[in-house]
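Structure first, commentary second.
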Amino acid sequence: MEDLSMKRSWQSRDWSRLIKLFRGLTFYERFEQAIILTLIALIMLVTVIATIHLIGAVWHLVVDVGIDPINQTIFQAIFGAIFTVIIALEFKHSLLVVLAQHENVIRVRTIVLIALLAIARKFILLDLRDVTAMELFALSAAVLALGIVYWLVREQDARVARDAREQAHLEDNPAARC
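Below, the structure written as structure tokens:
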């Protein structure tokens, strides 16, 4: 009984927080937040379906087929499905951050991270017998380019955060300006 009342109080707090969030927004900001909430719900649905599919595939392999540790194709398929779930979770998380921090855009760093995860998934699924050297080179170049962009964006975010901390320290401590 006590657990039910705690659950209801959390739900009412979440709803009241959501209502407070929407009250202070313009019409367009409300529209954006509603779209983000819809995307989060859709991604959650896709993640649940992908996870159920993954469970079914692993169950089938264990019970019916038996996992053959030598069969690379089976492991590629399973790890590809796992990466699909991880990519969906990362995407959902990035939308939750946008929603919680009242930002208007998804950060470039998050998009680059999701792209890196997608390419890593592609590398796992590659059959090296069927891929050309040019395709492998192109994927490798894409990973290198995305890695460089991720590093640059992360460094810029770190600089901005450091400058903000230093500015706050100077405002709180006037004697430090001298």
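Each residue of the sequence shown is one higher than the one before, counting from 45 in this note's numbering. Just so it is clear, CB atoms sit at the ideal spot from N, CA and C, and this is done for glycine as well. Every value quoted in this text rests on a predicted model; they were computed, and no experiment measured them.
- Taken atom to atom, the span from the alpha-carbon of leucine 170 to that of arginine 61 is near 46 Å.
- Taking one beta carbon from each stretch, the segment 175–184 and the segment 115–131 have fewer than 3 pairs nearer than 8 Å; the two do not touch.
- By the 16-neighbour rule on beta-carbons within 10 angstroms, valine 156 is buried.
- Around the beta carbon of alanine 212, fewer than 16 other beta carbons lie within 10 angstroms, which makes this residue exposed.
- Cβ-Cβ separation between isoleucine 80 and leucine 143: approximately 5 Å, consistent with a contact (criterion under 8 Å).
- Residue environment for isoleucine 131: buried (at least 16 other C-beta atoms within 10 angstroms of its C-beta).
- By the C-beta density criterion, threonine 154 is buried, having at least 16 other C-beta atoms within 10 angstroms.
- A direct Cα-to-Cα measurement between isoleucine 111 and lysine 166 gives close to 22 Å.
- Nearest Cα to threonine 128 within the set Val90, Glu215 and Ile63: Val90.
- Looking at the backbone, the Cα of valine 107 and that of arginine 57 are separated by about 44 Å.
- As the crow flies, the alpha-carbon of valine 204 is around 26 Å from that of glutamine 77.
- Just so you know, the alpha carbons of methionine 88 and histidine 97 end up roughly 14 Å apart.
- Leucine 140 and threonine 95 have their C-alpha atoms some 20 Å from each other.
- The C-beta distance from isoleucine 168 to valine 187 rounds to 13 Å, too long to fall under 8 Å, and the pair is not in contact.
- Minimum Cα-Cα distance from valine 92 among the listed residues Trp103, Lys136, Glu179 and Phe66 corresponds to Lys136.
- Look at the segment 140–208 and you find these whole runs of alpha helix (DSSP H), each 4 residues long or longer: 152–169.
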